[in-house]
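Residues in the sequence shown are numbered consecutively from 14, following the working numbering.
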Amino acid sequence: ISFGQASSAGVKPENQDSYAIQIPTEPLVTTKGIVIALADGVSGSEAGRAASHAAIKGFMADYFSTPESWTVKTSVQKILSALNQWLHRNSQRRYETQNAMVTTFSALILKSNSAYVFHVGDSRIYRLRGGTLEQLTQDHRVVISQDKTYLSRALGMDLRLDVDFREFPLELGDWFIFVTDGVYEFIRDEQYKILIQAAPDLTAAANNIMAMALHNGSDDNLTCQIVEITNLPGSNATD
């Protein structure tokens with residue numbers, strides 16, 4: 014893969030977003046794949062940054078340590094369930110209070126010729142394929158009014174965790190774009206492709222997307238990750 018990523022507090026005093034890309038060496042790149050993950054600590058929570066950081070750090074540390082016999086889905090579900098329980102236990106009060114450790118979590122795992130998406134919350138993963146942009150994740154929000162929405166699902170919010178999952182084949186030239194709500198609420202869909210193609214590299218593209226969102230009035234933290242599939246292995250019996 015080729016990739017670029019960037020993050021900023023924006024107009025806020027603290028950045029509560031966390032993100033990572035991990036490309037392991039063999040044999041893990043074959044048995045476990047490449048992981049891209051993004052977490053956005055819930056705004057208004059003093060523990061939001063701690064929650065997003067713990068989710069990303071914990072996931073990256075644990076995923077590559079799971080048994081080789083476990084599928085991608087089994088590995089991720091077990092890890093996220095454990096992380097969710099830990100975050101929930103470490104919240105001193107309920108979700109509505111300022112001490113709740115609650116965060117969104119969106120991850121893409123690239124293994125052999127397949128992609129696996131895991132998602133809870135309202136960060137987004139897009140796929141740009143053949144000029145067509147598709148949102149791969151669903152925003153877990155409850156709309157109260159035109160000006161008021163609430164997060165309906167997130168890590169640490171409840172002891173019971175419901176994670177969206179989808180799997181699909183990869184194609185050469187696929188682009189995946191990860192963004193928090195501080196970005197996508199202030200960027201039109203057609204601007205992603207324009208900004209990526211105009212940039213000299215994907216890190217510059219991620220920074221340009223964030224700059225556009227900030228210029229358009231973003232009032233939240235901003236994080237953008239862009240991944241391009243530049244090579245795929247041949248199919249074989251171990252897939």
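Ideal Cβ positions, reconstructed from N, Cα and C, are used throughout, including at glycine.
- Note on the segment 37 to 103: whole beta strand (DSSP E) runs with a minimum of 3 residues are 47 to 53, in chain order.
- Counting every other CB atom within 10 Å of its CB across the protein chains shown gives residue 234 a total of 16 or more, marking it as buried.
- Of the other Cβ atoms in all chains shown, fewer than 16 fall within 10 Å of the Cβ of residue 143; this residue is therefore exposed.
- Counting only runs of 4+ residues, the alpha helix (DSSP H) found wholly inside the segment 122 to 197 occupies 194 to 197, in chain order.
- One Cα belongs to residue 72, the other to residue 15, and the distance between them is close to 22 Å.
- In the three-state reduction of the DSSP assignment, residue 239 falls in the strand class, which pools E and B.
- Residue 130 places its beta carbon 9 Å or farther from that of residue 203.
- The bridge partners DSSP lists for residue 119 are 51 and 132.
- When C-beta atoms of the segment 31 to 51 are compared with those of the segment 229 to 247, three or more pairs fall below 8 Å, so the two segments count as touching.
- For residue 202, the enclosing alpha helix (DSSP H) begins and ends at 202 to 211.
- With contact defined as three or more Cβ pairs closer than 8 Å, the segment 160 to 171 and the segment 187 to 203 are not in contact.
- Taken atom to atom, the span from the alpha-carbon of residue 45 to that of residue 55 is near 29 Å.
- In the three-state reduction of the DSSP assignment, residue 224 falls in the helix class, which pools H, G and I.
- In the DSSP assignment, residue 113 falls outside any beta strand (DSSP E) and carries neither an H nor an E.
- Assigned with DSSP and collapsed to three states, residue 22 falls in coil, not helix or strand.
- Note on geometry: alpha-carbon atoms of residue 201 and residue 207 lie some 11 Å from one another.
- Your pair residue 90 and residue 219 does not check out as a contact, with CB atoms roughly 29 Å apart and the cut at 8 Å.
- Just so you know, the alpha carbons of residue 104 and residue 166 end up roughly 16 Å apart.
- Per DSSP, residue 14 lies in no beta strand (DSSP E) and is assigned neither H nor E.
- Judged by beta-carbon spacing, residue 92 lies within the 9 Å limit of residue 75, meaning their Cβ atoms are closer than that value.
- By the neighbour-count criterion, in which a residue is buried when 16 or more other Cβ atoms sit within 10 angstroms of its Cβ, residue 102 is exposed.
- Burial check for residue 32: the Cβ neighbour count within 10 Å reaches 16 or more, so the residue is buried.
- From the listed residues 77, 232, 132 and 151, the smallest Cα separation to residue 21 is found for 232.
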